[in-house]
Amino acid sequence: MSTAQRRLHLGVFFQGVNHWTIWNAPESGSQIDFSSFRRMITTAERGLFDAFFLGEGLRLRESGGAIHDLDVAGRPDAITQLAALAGVTSRIGLVATQNTTYNEPADLARRLSGLDLLSRGRAGWNVVTTDNAWTGENFRRGGYLDHGDRYVRAEQFLTIARQIWDAWAADATAPSTTAEHWADPKAVATVGARTGRFDVEITPLLPRSAQGHPVVFQAGDSAEGRDFAARNADVIFSAHGSDFADALAFATDIRARLRAAGRAEDALRILPGTEIILGDTEAEAQEKARWVRLHQVTPATALAIAGQVWGRDLSDRDADGPLPAEDPVVVEPTGEMGSRRWTDPREIVRRWRDTAEARGLTLRETVIALGPQRGHVGTPSGLADRFAHFVREGAVDGFNVSPYLTPDGLDDIVDKLVPALQDRGVYRERYEGTTLREHLGLPRPEAWIRRETQRTRGAGH
Ligand SMILES: Cc1cc2nc3c(=O)[nH]c(=O)nc-3n(C[C@H](O)[C@H](O)[C@H](O)COP(=O)(O)O)c2cc1C
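Numbering (this note's numbering), first residue to last: 717 to 1177.
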């Protein structure tokens, strides 16, 4: 595809457990009620988004034995919620984050097939391995698998899930009420898998959906995670979308991994998560960004984040005062804790102190200044120019927008940014297809085509 033809894809992303959603401003609605999600998804569909996307948090964050009670808790189970939302929408994709560490292929593949059938081919699965040992404790498996093993299990899991989805030929169900069988027994294959992690014999229960089977997303940023995505995923959800050079480096890395895996460079869509803060003028946007950050990082949240770095309870300190004078408590990570990106807290504290001193910042301001890059701040036309540049240069295929307010957080994006993107020719004017696979411009699954060809040939003999 020439650079001028490249189009931006947008999704809306709800994080599982997080402090980035502002729940305590007068503008905030319910984080749990169905009406909030209905309002959000119908706005996204009005804005011709590809997908509505739910993260998964199976356990609240904790520190020092207490839950981090400033977080927005995990929302109602993703597949349940998306099935309800399928009934009030007709085009937008419905993506559920579900982990491969604590689920089983036969059950999860069946539930995702159910969502795909009910929504007429709009389901997606964001495959994650989940990095928290304490999530495992919910399943009596604290520190169940180490990092590398989780990806071994994930790959075998996904292979079996795909076999389950591909088990029914396209025309396996009765075409009319006068047919002899509801399901043609010869058209349903059994899935037998004896791999290092699984020993299963499955007769899949459900026929194919309109898009063949759910679209596979992946989120996980290590070398193992990226290779897993390059071998297996249709879409990769990353955190590399705020800075152009970083986004391009990530996309270049993924393309090299795709080539190494024997796949085409455009076989995978890259959709980083991002926050978008809009203002009618640049100054207004910056002022709004300040309001957003101060609501996301409240004094109590700043003290909780600093407490995790220092390994101490700092809840009685003044967030608007200086950084704690004492040294952090250093606890070496165990292999089971998951993330390999452990950094020595003494190094982090040194960086915090250097920044606070150089810029004259309070503790809370330091937490904000050194927090993760969250996305883009600007006017609709400024950001439309920026996003057109990102997509035309191949740094991203689109963005998964994380709204900081529920349920109205997409309104100005749909009303102001989407038309500016359309004016620049980088965003669709209408939905052209009906399935999530079609919205993303992805081909039909190969195994589906192979299966159809075999049956057509078989029927001819
Ligand atoms: C952008 C992004 C979003 C993620 N969302 C979730 C999520 O919703 N639920 C979850 O359990 N893990 C989520 N993860 C974590 C992954 O499951 C994975 O366990 C973690 O990133 C560690 O793997 P890695 O070292 O390959 O990054 C996410 C990771 C990334 C990079």
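By construction, the Cβ of each residue, glycine as well, lies at the ideal position given by its N, Cα and C atoms.
What is the DSSP secondary structure of residue i, counted as helix, strand or coil?
{"i": "D950", "result": "coil"}
{"i": "G986", "result": "This sequence places Ile at residue 986; Gly is not what is there. I986: strand per DSSP, three-state reduction."}
{"i": "A945", "result": "helix"}
{"i": "W841", "result": "strand"}
{"i": "A741", "result": "coil"}
{"i": "V733", "result": "coil"}
{"i": "E917", "result": "strand"}
{"i": "I783", "result": "strand"}
{"i": "G908", "result": "strand"}
{"i": "W898", "result": "coil"}
{"i": "V1142", "result": "coil"}
{"i": "G852", "result": "helix"}
{"i": "T997", "result": "coil"}
Quick check: the Cα distance between residue i and residue j, rounded to an integer number of angstroms?
{"i": "Q814", "j": "A945", "result": "15 Å"}
{"i": "G773", "j": "L1137", "result": "33 Å"}
{"i": "G1143", "j": "L764", "result": "According to the sequence as given, residue 1143 is Tyr; it is not Gly. Distance between the alpha carbons of Y1143 and L764: 9 Å."}
{"i": "L974", "j": "T719", "result": "20 Å"}
{"i": "E1081", "j": "R1066", "result": "16 Å"}
{"i": "R838", "j": "F933", "result": "13 Å"}
{"i": "L810", "j": "A767", "result": "6 Å"}
{"i": "P920", "j": "P1159", "result": "23 Å"}
{"i": "D1127", "j": "R869", "result": "40 Å"}
{"i": "G957", "j": "L874", "result": "26 Å"}
{"i": "I993", "j": "A760", "result": "16 Å"}
{"i": "F855", "j": "D832", "result": "27 Å"}
With a threshold of 16 other CB atoms inside 10 Å of the CB of residue i, please say whether the residue is buried or exposed.
{"i": "Q721", "result": "exposed"}
{"i": "R1090", "result": "buried"}
{"i": "Q1002", "result": "exposed"}
{"i": "I808", "result": "buried"}
{"i": "W1026", "result": "buried"}
{"i": "A939", "result": "exposed"}
{"i": "S1118", "result": "buried"}
{"i": "E1048", "result": "exposed"}
Got a sec: is the Cβ-Cβ distance from residue i to anything in chain C below 8 Å?
{"i": "G1076", "result": "Absent from the structure: chain C. Only one protein chain is present."}
Short of 7 Å in beta carbon distance, which residues of its chain neighbour residue i, apart from the five on each side in sequence? Order them along the chain.
{"i": "R1009", "result": "I1084"}
{"i": "N734", "result": "D787 and V788"}
{"i": "W1068", "result": "L1039, T1082 and L1086"}
{"i": "T1122", "result": "T737, S744, G745, Q747, S752 and M756"}
{"i": "G978", "result": "none"}
What residues in its chain sit with their C-beta under 6 Å from that of residue i, if we drop five residues either side in the sequence?
{"i": "T851", "result": "L774 and R775"}
{"i": "R866", "result": "T817 and T845"}
{"i": "R942", "result": "R973"}
{"i": "W739", "result": "Q747 and V788"}
{"i": "E917", "result": "G908"}
Just curious, the alpha helix (DSSP H) that residue i is in, first and last residue?
{"i": "Q934", "result": "Premise fails: Q934 lies in the beta strand (DSSP E), V931 to Q934, not in any alpha helix (DSSP H)."}
{"i": "F707", "result": "It is not possible to answer for residue 707, since the shown part of the chain is limited to 717 through 1177."}
{"i": "G864", "result": "H863 to W881"}
{"i": "V1025", "result": "P1015 to W1026"}
Residue i lies in the beta strand (DSSP E); which residues open and close that run?
{"i": "Q814", "result": "G809 to N815"}
{"i": "A1094", "result": "First, the amino acid is wrong: residue 1094 is Gly here, not Ala. Note, G1094: beta strand (DSSP E), G1091 to G1094."}
Using a Cβ-Cβ cutoff of less than 8 Å, which residues in the same chain neighbour residue i once the five nearest sequence positions on both sides are dropped?
{"i": "D982", "result": "M717"}
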